[in-house]
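Enquirer: In UniProt numbering, the protein residues as written are 1 to 431. Cβ atoms here follow ideal geometry from the backbone N, Cα and C, with glycine treated the same way.
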(Lines of atoms letter the chains of each structure in order from A and count residues from 1; the text may use other names and numbers.)
(Lines give C-alpha, C1' and ligand atoms only; values in the text may rest on other atoms or scores of the structure.)
Protein backbone atom coordinates (compact mmCIF):
# COMPACT_ATOMS: atom_id res chain seq x y z
CA UNK A 1 0.00 0.00 0.00
CA UNK A 2 2.60 2.69 0.91
CA UNK A 3 4.70 1.79 -2.14
CA UNK A 4 1.72 2.15 -4.47
CA UNK A 5 0.76 5.46 -2.85
CA UNK A 6 4.31 6.73 -3.21
CA UNK A 7 4.38 5.86 -6.90
CA UNK A 8 1.03 7.60 -7.39
CA UNK A 9 2.10 10.81 -5.67
CA UNK A 10 5.45 10.83 -7.45
CA UNK A 11 3.48 10.72 -10.70
CA UNK A 12 1.29 13.61 -9.52
CA UNK A 13 4.35 15.62 -8.47
CA UNK A 14 5.98 14.98 -11.85
CA UNK A 15 2.91 16.48 -13.52
CA UNK A 16 3.69 19.79 -11.81
CA UNK A 17 6.63 20.27 -14.19
CA UNK A 18 4.18 21.29 -16.91
CA UNK A 19 1.06 21.96 -14.81
CA UNK A 20 1.46 25.73 -14.52
CA UNK A 21 2.50 26.10 -18.17
CA UNK A 22 -0.77 24.45 -19.22
CA UNK A 23 -2.76 26.37 -16.59
CA UNK A 24 -1.40 29.64 -17.99
CA UNK A 25 -3.22 28.91 -21.26
CA UNK A 26 -6.54 28.19 -19.54
CA UNK A 27 -9.33 30.52 -18.49
CA UNK A 28 -9.43 30.50 -14.70
CA UNK A 29 -12.64 29.37 -13.03
CA UNK A 30 -15.05 31.79 -11.38
CA UNK A 31 -14.18 30.20 -8.02
CA UNK A 32 -10.50 31.04 -8.48
CA UNK A 33 -11.20 34.56 -9.77
CA UNK A 34 -13.47 35.32 -6.81
CA UNK A 35 -10.83 34.07 -4.36
CA UNK A 36 -8.15 36.19 -6.05
CA UNK A 37 -10.27 39.32 -5.76
CA UNK A 38 -11.23 38.59 -2.17
CA UNK A 39 -7.83 37.65 -0.70
CA UNK A 40 -5.46 39.52 -3.03
CA UNK A 41 -3.42 36.81 -4.74
CA UNK A 42 -2.46 36.03 -8.33
CA UNK A 43 -1.58 32.52 -9.47
CA UNK A 44 -3.01 29.71 -11.57
CA UNK A 45 -4.68 26.32 -11.55
CA UNK A 46 -5.97 24.08 -14.31
CA UNK A 47 -9.80 24.12 -14.19
CA UNK A 48 -10.02 20.59 -15.60
CA UNK A 49 -7.60 19.27 -12.95
CA UNK A 50 -7.49 21.43 -9.79
CA UNK A 51 -4.75 19.62 -7.89
CA UNK A 52 -5.98 21.07 -4.57
CA UNK A 53 -8.74 18.44 -4.72
CA UNK A 54 -6.07 15.82 -3.94
CA UNK A 55 -5.27 17.32 -0.52
CA UNK A 56 -7.74 15.10 1.42
CA UNK A 57 -6.14 11.97 -0.05
CA UNK A 58 -2.64 13.32 0.62
CA UNK A 59 -3.49 14.21 4.22
CA UNK A 60 -4.94 10.76 4.86
CA UNK A 61 -1.87 9.07 3.34
CA UNK A 62 0.50 11.08 5.55
CA UNK A 63 -1.52 10.33 8.67
CA UNK A 64 -1.62 6.63 7.87
CA UNK A 65 2.01 6.18 6.80
CA UNK A 66 4.01 9.05 8.37
CA UNK A 67 7.25 7.07 8.63
CA UNK A 68 7.48 6.25 4.91
CA UNK A 69 10.06 8.78 3.78
CA UNK A 70 9.47 8.29 0.06
CA UNK A 71 5.75 8.95 0.40
CA UNK A 72 6.39 11.93 2.67
CA UNK A 73 8.90 13.45 0.24
CA UNK A 74 6.62 13.06 -2.77
CA UNK A 75 3.60 14.58 -1.01
CA UNK A 76 5.53 17.39 0.68
CA UNK A 77 7.21 18.45 -2.56
CA UNK A 78 3.90 18.39 -4.40
CA UNK A 79 2.25 20.41 -1.60
CA UNK A 80 4.91 23.11 -2.02
CA UNK A 81 3.86 23.54 -5.65
CA UNK A 82 0.13 23.19 -5.06
CA UNK A 83 0.05 25.90 -2.36
CA UNK A 84 2.19 28.38 -4.29
CA UNK A 85 0.51 31.78 -3.57
CA UNK A 86 -2.96 30.22 -3.95
CA UNK A 87 -5.28 30.96 -1.03
CA UNK A 88 -7.92 28.62 -2.38
CA UNK A 89 -5.39 25.76 -2.29
CA UNK A 90 -4.01 26.79 1.11
CA UNK A 91 -7.50 26.77 2.63
CA UNK A 92 -8.14 23.31 1.19
CA UNK A 93 -4.89 22.03 2.69
CA UNK A 94 -5.56 23.61 6.09
CA UNK A 95 -9.12 22.33 6.35
CA UNK A 96 -8.34 18.73 5.41
CA UNK A 97 -5.61 18.39 8.10
CA UNK A 98 -2.52 18.45 5.92
CA UNK A 99 -0.66 20.06 8.83
CA UNK A 100 -1.49 17.04 11.00
CA UNK A 101 0.00 14.69 8.41
CA UNK A 102 3.10 16.81 7.83
CA UNK A 103 3.74 17.19 11.57
CA UNK A 104 3.38 13.43 12.04
CA UNK A 105 5.91 12.89 9.27
CA UNK A 106 8.31 15.37 10.86
CA UNK A 107 7.95 13.66 14.22
CA UNK A 108 8.80 10.26 12.79
CA UNK A 109 11.78 11.72 10.99
CA UNK A 110 13.04 13.15 14.29
CA UNK A 111 12.79 9.71 15.88
CA UNK A 112 15.56 8.54 13.54
CA UNK A 113 18.12 10.57 15.50
CA UNK A 114 20.86 12.92 14.29
CA UNK A 115 20.40 14.12 10.71
CA UNK A 116 22.72 13.56 7.81
CA UNK A 117 22.38 15.65 4.63
CA UNK A 118 19.36 13.60 3.50
CA UNK A 119 17.72 14.08 6.88
CA UNK A 120 18.00 17.85 6.58
CA UNK A 121 16.69 17.68 3.03
CA UNK A 122 13.61 15.65 4.04
CA UNK A 123 12.96 17.92 7.03
CA UNK A 124 13.26 20.91 4.71
CA UNK A 125 10.67 19.50 2.32
CA UNK A 126 8.25 18.82 5.19
CA UNK A 127 8.63 22.24 6.79
CA UNK A 128 8.48 24.07 3.45
CA UNK A 129 5.19 22.31 2.73
CA UNK A 130 3.90 23.46 6.14
CA UNK A 131 5.06 26.98 5.42
CA UNK A 132 3.46 27.12 1.97
CA UNK A 133 0.17 25.83 3.35
CA UNK A 134 0.02 28.22 6.31
CA UNK A 135 1.73 31.44 5.19
CA UNK A 136 -0.13 34.44 3.81
CA UNK A 137 0.04 34.71 0.00
CA UNK A 138 1.08 38.30 -0.67
CA UNK A 139 1.65 41.81 0.62
CA UNK A 140 -1.70 42.76 -0.90
CA UNK A 141 -3.41 40.36 1.51
CA UNK A 142 -2.64 42.74 4.39
CA UNK A 143 -4.72 45.52 2.82
CA UNK A 144 -7.87 43.38 2.93
CA UNK A 145 -10.59 43.96 5.56
CA UNK A 146 -9.92 42.33 8.91
CA UNK A 147 -12.84 39.91 8.52
CA UNK A 148 -11.40 38.68 5.20
CA UNK A 149 -7.94 38.19 6.66
CA UNK A 150 -9.38 36.44 9.67
CA UNK A 151 -11.18 33.96 7.42
CA UNK A 152 -7.73 32.73 6.39
CA UNK A 153 -6.18 33.09 9.85
CA UNK A 154 -9.11 31.23 11.42
CA UNK A 155 -8.55 28.23 9.15
CA UNK A 156 -4.85 28.30 10.01
CA UNK A 157 -5.54 28.54 13.75
CA UNK A 158 -7.90 25.58 13.60
CA UNK A 159 -5.36 23.54 11.64
CA UNK A 160 -2.52 24.26 14.10
CA UNK A 161 -4.77 23.52 17.08
CA UNK A 162 -5.87 20.19 15.64
CA UNK A 163 -2.34 18.82 15.36
CA UNK A 164 -2.07 15.88 17.75
CA UNK A 165 1.23 14.06 18.27
CA UNK A 166 0.84 12.50 21.71
CA UNK A 167 3.00 9.42 21.16
CA UNK A 168 5.65 11.16 19.09
CA UNK A 169 5.97 14.12 21.47
CA UNK A 170 6.24 11.86 24.50
CA UNK A 171 9.01 9.86 22.82
CA UNK A 172 10.92 12.95 21.70
CA UNK A 173 10.76 14.50 25.15
CA UNK A 174 12.09 11.41 26.90
CA UNK A 175 15.77 12.37 26.56
CA UNK A 176 14.97 15.91 27.72
CA UNK A 177 13.58 14.65 31.03
CA UNK A 178 11.26 17.62 31.02
CA UNK A 179 7.51 17.79 30.55
CA UNK A 180 5.89 20.96 29.32
CA UNK A 181 2.25 20.24 29.95
CA UNK A 182 -0.40 21.56 27.59
CA UNK A 183 1.57 23.14 24.76
CA UNK A 184 0.41 23.22 21.16
CA UNK A 185 1.99 20.13 19.60
CA UNK A 186 2.98 21.84 16.36
CA UNK A 187 4.75 24.59 18.32
CA UNK A 188 6.47 22.04 20.54
CA UNK A 189 7.60 20.00 17.52
CA UNK A 190 9.01 23.03 15.67
CA UNK A 191 10.88 24.17 18.78
CA UNK A 192 12.27 20.66 19.16
CA UNK A 193 13.58 20.72 15.58
CA UNK A 194 15.19 24.11 16.14
CA UNK A 195 16.97 22.89 19.25
CA UNK A 196 17.92 19.38 18.13
CA UNK A 197 17.99 19.35 14.32
CA UNK A 198 19.28 22.79 13.42
CA UNK A 199 22.51 23.28 11.51
CA UNK A 200 23.30 26.17 13.87
CA UNK A 201 23.17 23.85 16.89
CA UNK A 202 24.78 20.83 15.24
CA UNK A 203 27.41 23.02 13.52
CA UNK A 204 26.43 21.60 10.14
CA UNK A 205 26.59 24.24 7.42
CA UNK A 206 25.54 22.32 4.32
CA UNK A 207 23.13 24.00 1.92
CA UNK A 208 20.33 21.76 3.17
CA UNK A 209 20.96 22.51 6.85
CA UNK A 210 21.04 26.29 6.29
CA UNK A 211 17.84 26.36 4.23
CA UNK A 212 16.06 23.93 6.56
CA UNK A 213 16.88 25.94 9.68
CA UNK A 214 15.40 29.01 7.98
CA UNK A 215 12.24 27.04 7.21
CA UNK A 216 11.80 25.99 10.86
CA UNK A 217 11.80 29.68 11.77
CA UNK A 218 9.46 30.61 8.91
CA UNK A 219 6.96 28.00 10.11
CA UNK A 220 7.24 29.33 13.65
CA UNK A 221 6.47 32.84 12.37
CA UNK A 222 3.53 31.72 10.21
CA UNK A 223 2.10 29.91 13.21
CA UNK A 224 2.45 33.00 15.38
CA UNK A 225 0.90 35.25 12.76
CA UNK A 226 -2.26 33.11 12.66
CA UNK A 227 -2.71 33.73 16.39
CA UNK A 228 -2.35 37.52 16.20
CA UNK A 229 1.42 37.32 16.37
CA UNK A 230 1.46 35.28 19.56
CA UNK A 231 2.39 31.66 20.15
CA UNK A 232 -0.52 29.36 21.13
CA UNK A 233 -0.53 27.90 24.63
CA UNK A 234 2.66 29.67 25.68
CA UNK A 235 1.29 32.19 28.18
CA UNK A 236 1.47 30.80 31.70
CA UNK A 237 3.68 27.83 30.76
CA UNK A 238 6.98 28.93 32.28
CA UNK A 239 8.80 25.65 31.56
CA UNK A 240 8.15 25.86 27.84
CA UNK A 241 8.74 29.61 27.81
CA UNK A 242 12.30 29.00 29.04
CA UNK A 243 12.79 26.23 26.50
CA UNK A 244 11.57 28.26 23.52
CA UNK A 245 13.29 31.50 24.50
CA UNK A 246 16.59 29.73 25.14
CA UNK A 247 16.31 27.93 21.81
CA UNK A 248 15.64 31.11 19.83
CA UNK A 249 18.40 33.03 21.59
CA UNK A 250 20.81 30.19 20.88
CA UNK A 251 19.88 30.25 17.18
CA UNK A 252 20.24 34.03 17.07
CA UNK A 253 23.64 34.00 18.78
CA UNK A 254 25.02 31.13 16.69
CA UNK A 255 23.78 32.71 13.45
CA UNK A 256 25.35 36.07 14.27
CA UNK A 257 28.93 34.79 14.50
CA UNK A 258 31.36 36.33 11.96
CA UNK A 259 31.33 34.36 8.72
CA UNK A 260 28.32 32.28 9.71
CA UNK A 261 26.28 31.02 6.71
CA UNK A 262 23.18 31.29 8.90
CA UNK A 263 22.97 35.09 8.78
CA UNK A 264 19.33 35.15 7.65
CA UNK A 265 18.45 32.87 10.56
CA UNK A 266 19.57 35.57 13.00
CA UNK A 267 16.97 38.00 11.64
CA UNK A 268 14.26 35.34 11.58
CA UNK A 269 15.08 34.31 15.15
CA UNK A 270 14.89 37.96 16.18
CA UNK A 271 11.40 38.23 14.70
CA UNK A 272 10.34 34.98 16.38
CA UNK A 273 11.61 36.39 19.68
CA UNK A 274 9.48 39.48 19.05
CA UNK A 275 6.43 37.21 18.72
CA UNK A 276 7.53 35.47 21.92
CA UNK A 277 7.74 38.79 23.78
CA UNK A 278 4.33 39.82 22.44
CA UNK A 279 2.87 36.54 23.75
CA UNK A 280 4.21 37.26 27.23
CA UNK A 281 3.40 40.98 27.17
CA UNK A 282 0.89 41.82 24.38
CA UNK A 283 0.42 45.42 25.54
CA UNK A 284 4.17 46.03 25.52
CA UNK A 285 4.57 44.77 21.93
CA UNK A 286 1.50 46.03 20.01
CA UNK A 287 0.50 44.59 16.67
CA UNK A 288 -1.49 46.25 13.91
CA UNK A 289 -2.87 43.83 11.30
CA UNK A 290 -2.92 46.59 8.70
CA UNK A 291 0.82 47.13 8.89
CA UNK A 292 3.11 44.07 8.58
CA UNK A 293 6.11 46.12 9.71
CA UNK A 294 7.19 43.48 12.22
CA UNK A 295 7.45 40.93 9.44
CA UNK A 296 10.36 42.35 7.44
CA UNK A 297 11.63 38.93 6.40
CA UNK A 298 8.12 37.92 5.35
CA UNK A 299 7.84 41.03 3.21
CA UNK A 300 11.05 40.10 1.41
CA UNK A 301 9.58 36.74 0.41
CA UNK A 302 6.32 38.03 -1.07
CA UNK A 303 5.66 39.89 -4.29
CA UNK A 304 3.53 43.04 -4.42
CA UNK A 305 0.69 41.86 -6.63
CA UNK A 306 -1.57 44.88 -7.07
CA UNK A 307 -2.41 45.38 -10.74
CA UNK A 308 -0.43 42.31 -11.81
CA UNK A 309 -1.01 41.69 -15.49
CA UNK A 310 -1.50 38.32 -17.14
CA UNK A 311 1.82 38.86 -18.90
CA UNK A 312 3.58 39.26 -15.56
CA UNK A 313 1.93 36.12 -14.20
CA UNK A 314 3.05 34.22 -17.31
CA UNK A 315 6.61 35.43 -16.82
CA UNK A 316 6.58 34.30 -13.19
CA UNK A 317 5.17 30.90 -14.20
CA UNK A 318 8.13 30.40 -16.53
CA UNK A 319 10.65 31.54 -13.91
CA UNK A 320 9.11 29.44 -11.14
CA UNK A 321 8.79 26.31 -13.29
CA UNK A 322 12.42 26.54 -14.41
CA UNK A 323 13.60 27.15 -10.85
CA UNK A 324 11.73 24.15 -9.49
CA UNK A 325 12.38 21.71 -12.33
CA UNK A 326 15.80 20.35 -11.36
CA UNK A 327 15.09 20.46 -7.63
CA UNK A 328 11.84 18.56 -8.10
CA UNK A 329 13.49 15.89 -10.23
CA UNK A 330 16.22 15.38 -7.64
CA UNK A 331 13.76 15.14 -4.76
CA UNK A 332 11.43 12.74 -6.53
CA UNK A 333 14.41 10.55 -7.40
CA UNK A 334 15.33 10.43 -3.72
CA UNK A 335 11.68 9.73 -2.87
CA UNK A 336 11.77 6.64 -5.07
CA UNK A 337 15.01 5.47 -3.47
CA UNK A 338 13.63 6.00 0.05
CA UNK A 339 10.43 4.15 -0.82
CA UNK A 340 12.41 1.14 -2.01
CA UNK A 341 14.60 1.19 1.12
CA UNK A 342 11.60 1.43 3.45
CA UNK A 343 9.83 -1.39 1.63
CA UNK A 344 12.91 -3.58 1.95
CA UNK A 345 13.21 -2.76 5.66
CA UNK A 346 9.59 -3.75 6.21
CA UNK A 347 8.47 -0.37 7.52
CA UNK A 348 4.71 -0.32 8.11
CA UNK A 349 2.29 2.17 9.61
CA UNK A 350 2.77 2.69 13.31
CA UNK A 351 -0.56 4.38 14.10
CA UNK A 352 1.26 7.45 15.41
CA UNK A 353 -1.71 9.80 15.28
CA UNK A 354 -5.46 9.97 15.62
CA UNK A 355 -5.89 8.92 11.99
CA UNK A 356 -2.75 6.86 11.74
CA UNK A 357 -4.14 3.33 11.92
CA UNK A 358 -3.26 1.03 9.05
CA UNK A 359 -6.09 -0.72 7.29
CA UNK A 360 -5.13 -4.24 8.37
CA UNK A 361 -5.07 -3.37 12.06
CA UNK A 362 -8.40 -1.54 11.97
CA UNK A 363 -10.07 -4.41 10.17
CA UNK A 364 -8.72 -7.00 12.57
CA UNK A 365 -9.70 -5.00 15.65
CA UNK A 366 -13.18 -4.25 14.38
CA UNK A 367 -13.76 -7.78 13.13
CA UNK A 368 -14.85 -6.51 9.73
CA UNK A 369 -12.48 -8.57 7.63
CA UNK A 370 -13.28 -12.17 6.84
CA UNK A 371 -11.08 -14.99 8.08
CA UNK A 372 -9.96 -15.81 4.55
CA UNK A 373 -8.82 -12.24 3.91
CA UNK A 374 -6.89 -12.15 7.18
CA UNK A 375 -5.18 -15.40 6.35
CA UNK A 376 -4.34 -14.14 2.87
CA UNK A 377 -2.72 -11.04 4.27
CA UNK A 378 -0.82 -13.08 6.83
CA UNK A 379 0.67 -15.25 4.08
CA UNK A 380 1.90 -12.16 2.24
CA UNK A 381 3.67 -10.70 5.27
CA UNK A 382 7.43 -10.59 4.96
CA UNK A 383 10.09 -10.74 7.64
CA UNK A 384 11.55 -7.24 8.01
CA UNK A 385 15.07 -8.69 8.24
CA UNK A 386 15.38 -11.58 5.78
CA UNK A 387 12.39 -10.90 3.51
CA UNK A 388 10.95 -14.41 3.81
CA UNK A 389 7.16 -14.47 3.50
CA UNK A 390 4.84 -16.60 5.60
CA UNK A 391 3.67 -18.57 2.57
CA UNK A 392 7.28 -19.57 1.77
CA UNK A 393 7.51 -21.44 5.05
CA UNK A 394 6.31 -24.96 5.73
CA UNK A 395 2.78 -25.52 6.98
CA UNK A 396 4.02 -26.75 10.35
CA UNK A 397 6.24 -23.74 11.07
CA UNK A 398 5.06 -21.03 13.49
CA UNK A 399 3.33 -17.86 12.27
CA UNK A 400 5.25 -14.61 11.99
CA UNK A 401 5.25 -12.45 15.12
CA UNK A 402 4.75 -8.70 15.41
CA UNK A 403 7.24 -6.44 17.14
CA UNK A 404 5.72 -6.29 20.63
CA UNK A 405 6.51 -2.57 20.92
CA UNK A 406 5.16 -0.99 17.73
CA UNK A 407 2.91 -3.92 16.76
CA UNK A 408 3.39 -3.19 13.06
CA UNK A 409 6.59 -4.92 11.87
CA UNK A 410 6.77 -8.69 11.43
CA UNK A 411 9.59 -11.21 11.92
CA UNK A 412 9.99 -14.88 11.10
CA UNK A 413 11.74 -15.52 14.41
CA UNK A 414 13.63 -14.03 17.36
CA UNK A 415 17.04 -14.19 15.62
CA UNK A 416 15.90 -11.95 12.74
CA UNK A 417 14.15 -9.61 15.15
CA UNK A 418 17.30 -9.23 17.25
CA UNK A 419 19.51 -8.70 14.19
CA UNK A 420 17.12 -6.05 12.81
CA UNK A 421 16.66 -4.06 16.03
CA UNK A 422 19.35 -1.44 15.36
CA UNK A 423 17.76 -0.56 12.02
CA UNK A 424 14.19 -0.81 13.31
CA UNK A 425 14.67 1.11 16.57
CA UNK A 426 14.50 4.67 15.09
CA UNK A 427 11.02 4.02 13.64
CA UNK A 428 9.68 1.79 16.42
CA UNK A 429 7.08 3.74 18.38
CA UNK A 430 5.20 2.10 21.24
CA UNK A 431 1.43 1.82 20.86
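Could you pull out every residue in the same chain whose Cβ sits closer than 8 Å to the Cβ of residue 343, ignoring the five residues on either side in sequence?
Expert: Taking the chain shown and counting its residues from 1, one reaches residue 343 at position 343. Cβ within range, chain order: 2 and 3.
Enquirer: Could you check the C-alpha separation between residue 11 and residue 126 for me, to the nearest Å?
Expert: Taking the first residue of the chain shown as position 1, residue 11 is located at position 11. Taking the first residue of the chain shown as position 1, residue 126 is located at position 126. Approximately 18 Å between the Cα atoms of the pair.
Enquirer: Measure from the alpha carbon of residue 244 to the alpha carbon of each residue in 102, 268 and 273, then state which is nearest.
Expert: The residue labelled residue 244 in the question sits at position 244 within the chain shown. That would be 273, whose Cα lies nearest to the Cα of residue 244.
Enquirer: Candidates 237, 269 and 239: which alpha carbon is nearest residue 249's?
Expert: Indexing the chain shown from 1 puts residue 249 at position 249. Measuring from the Cα of residue 249, the nearest candidate turns out to be 269.
Enquirer: Under 8 Å between the Cβ atoms of residue 17 and residue 325?
Expert: Looking up residue 17 in the chain shown gives position 17. Looking up residue 325 in the chain shown gives position 325. Cβ distance < 8 Å, so residue 17 and residue 325 count as in contact.
Enquirer: In three-state DSSP terms, what is residue 279?
Expert: Residue 279 sits at position 279 when you count from the first residue of the chain shown. DSSP places residue 279 in helix when its eight states are reduced to three.
Enquirer: Taking the alpha carbon of residue 412 as the point to measure from, which residue in 388, 99, 121 and 81 has its own alpha carbon closest?
Expert: Counted from its first residue, the chain shown places residue 412 at position 412. Comparing Cα positions, the closest option is 388.
Enquirer: In three-state terms, what does DSSP make of residue 53?
Expert: Sequence index remark: in the chain shown, residue 53 carries index 53 (1-based). The answer is helix: DSSP assigns residue 53 an H, G or I state.
Enquirer: From the DSSP output, in three-state form, read off residue 385 for me.
Expert: Counting from one through the chain shown, the residue named residue 385 turns up at place 385. Coil.
Enquirer: Suppose you measure from the CA of residue 132 to the CA of residue 213; what does that come to, to the nearest Å?
Expert: Within the chain shown, the letter at position 132 stands for residue 132. Within the chain shown, the letter at position 213 stands for residue 213. Distance between the alpha carbons of residue 132 and residue 213: 16 Å.
Enquirer: By a C-beta neighbour count over all protein chains shown, 10 Å radius and 16 as the cutoff for buried, is residue 33 buried or exposed?
Expert: The residue labelled residue 33 in the question sits at position 33 within the chain shown. Looking at its Cβ environment, which holds fewer than 16 other Cβ atoms inside 10 Å, residue 33 is exposed.
Enquirer: Comparing alpha-carbon positions, which option in 91, 240 and 401 lies nearest residue 158?
Expert: Position 158 of the chain shown, counted from the first residue, corresponds to residue 158. Measuring from the Cα of residue 158, the nearest candidate turns out to be 91.
Enquirer: Could you check where the alpha helix (DSSP H) with residue 131 kicks off and where it finishes?
Expert: Position 131 of the chain shown, counted from the first residue, corresponds to residue 131. 117-134 is the extent of the alpha helix (DSSP H) around residue 131.
Enquirer: Rounded C-beta distance between residue 163 and residue 103? I'm assuming under 8 Å.
Expert: The count along the chain shown starts at 1 and reaches residue 163 at position 163. The count along the chain shown starts at 1 and reaches residue 103 at position 103. Confirmed, about 5 Å.
Enquirer: Is residue 325 helix, strand or coil when you go by DSSP?
Expert: Within the chain shown, numbered from 1, the residue matching residue 325 stands at position 325. Helix.
Enquirer: Take residue 96 and list the residues in its own chain whose beta-carbon comes closer than 7 Å to its own, dropping the five residues that flank it on each side.
Expert: To locate residue 96, count along the chain shown from 1; it is residue 96. 55, 56 and 59, listed in sequence order.
Enquirer: Name the residue from 237, 38, 45 and 37 whose alpha carbon lies nearest to the alpha carbon of residue 27.
Expert: Along the chain shown, read from residue 1 onward, the residue named residue 27 stands at position 27. For the residues 237, 38, 45 and 37, the minimum Cα distance to residue 27 belongs to 45.
Enquirer: Just tell me which of 20, 191 and 278 has its CA closest to the CA of residue 508.
Expert: No information on residue 508 is available, as it lies outside the stretch 1 to 431 that the chain covers here.
Enquirer: Shortest alpha-carbon distance to residue 144 belongs to which of 382, 251 and 35?
Expert: Translated into positions along the chain shown, residue 144 becomes position 144. Checking every option, the nearest Cα to that of residue 144 belongs to 35.
Enquirer: Within a Cβ cutoff of 8 Å, which residues of the same chain sit near residue 134, ignoring the five residues on either side of it in sequence?
Expert: Walking along the chain shown from the start, residue 134 turns up at place 134. Correct list, in chain order: 90, 94, 99, 156, 159, 160, 219, 222, 223 and 226.
Enquirer: Checking 8 Å against the spacing of the C-beta atoms, do residue 195 and residue 238 come in under that value?
Expert: Residue mapping note: residue 195 aligns to position 195 of the chain shown, counting from 1. Residue mapping note: residue 238 aligns to position 238 of the chain shown, counting from 1. It is not a contact, given that the beta carbons lie outside the stated cut-off.
Enquirer: Pull up the distance between the alpha-carbon of residue 415 and that of residue 408, whole angstroms please.
Expert: Translated into positions along the chain shown, residue 415 becomes position 415. Translated into positions along the chain shown, residue 408 becomes position 408. Cα to Cα, residue 415 sits roughly 18 Å from residue 408.
Enquirer: Just the Cα atoms here: how many angstroms apart are residue 306 and residue 23?
Expert: The residue you call residue 306 lines up with position 306 of the chain shown. The residue you call residue 23 lines up with position 23 of the chain shown. The pLDDT assigned to residue 306 is 48, lower than 50, so where the model puts this residue is not dependable, and the model offers no usable value.
Enquirer: Can you tell which of 41, 83, 77 and 73 has its C-alpha closest to the C-alpha of residue 50?
Expert: Along the chain shown, one-based indexing puts residue 50 at 50. When only C-alpha atoms are compared, the closest one is 83.
Enquirer: Rounding to the nearest angstrom, what Cα-Cα distance links residue 183 and residue 262 in this structure?
Expert: Within the chain shown, the letter at position 183 stands for residue 183. Within the chain shown, the letter at position 262 stands for residue 262. Distance between the alpha carbons of residue 183 and residue 262 is about 28 Å.
Enquirer: For the alpha helix (DSSP H) containing residue 241, list its first residue and its last residue.
Expert: Here the question's residue 241 lines up with position 241 in the chain shown. Note, residue 241: alpha helix (DSSP H), 238-255.
Enquirer: Taking 7 Å as the limit between beta carbons, can you name the residues of its chain near residue 439, skipping five residues before and five after?
Expert: Nothing in the structure corresponds to residue 439, since the chain is present only between 1 and 431.
Enquirer: Flag this pair as yes or no: are the beta carbons of residue 122 and residue 69 separated by less than 8 Å?
Expert: If you number the chain shown from 1, residue 122 lands on position 122. If you number the chain shown from 1, residue 69 lands on position 69. Contact flag set, yes.
Enquirer: Going by DSSP, which residues form a beta bridge with residue 401?
Expert: Here residue 401 corresponds to residue number 401 of the chain shown, with the count starting at 1. For residue 401, which the question treats as bridged, DSSP gives the partners 411.
Enquirer: Among 209, 136, 185 and 315, which has the Cα closest to the Cα of residue 25?
Expert: Indexing the chain shown from 1 puts residue 25 at position 25. Looking at the Cα atoms, 315 is the closest of the given residues.
Enquirer: Among residues of its own chain, excluding the 5 on either side of residue 255, which ones have a beta-carbon nearer than 7 Å to its beta-carbon?
Expert: Working through the chain shown from its first residue, we reach residue 255 at position 255. Hits under 7 Å: 200, 262, 263, 265, 266 and 269.
Enquirer: On the DSSP letters alone, give me the boundaries of the alpha helix (DSSP H) that residue 157 sits inside.
Expert: Counting from 1 along the chain shown, the entry for residue 157 is found at position 157. Note, residue 157: alpha helix (DSSP H), 146-161.
Enquirer: Quick check on residue 5: does DSSP put it in helix, strand or coil?
Expert: Sequence index remark: in the chain shown, residue 5 carries index 5 (1-based). Helix.
Enquirer: Kindly indicate which three-state DSSP category residue 270 falls into: helix, strand or coil?
Expert: For the purposes of this step, residue 270 is identified with residue 270 of the chain shown, where counting begins at 1. If DSSP states are grouped into helix, strand and coil, residue 270 belongs with the helices.
Enquirer: So for residue 210, helix, strand or coil by DSSP?
Expert: The sequence position of residue 210 within the chain shown is 210, counting from 1. If DSSP states are grouped into helix, strand and coil, residue 210 belongs with the helices.
Enquirer: If I follow the unbroken alpha helix (DSSP H) through residue 450, where does it start and stop?
Expert: In this structure the chain extends from 1 to 431, so residue 450 is not present and cannot be described.
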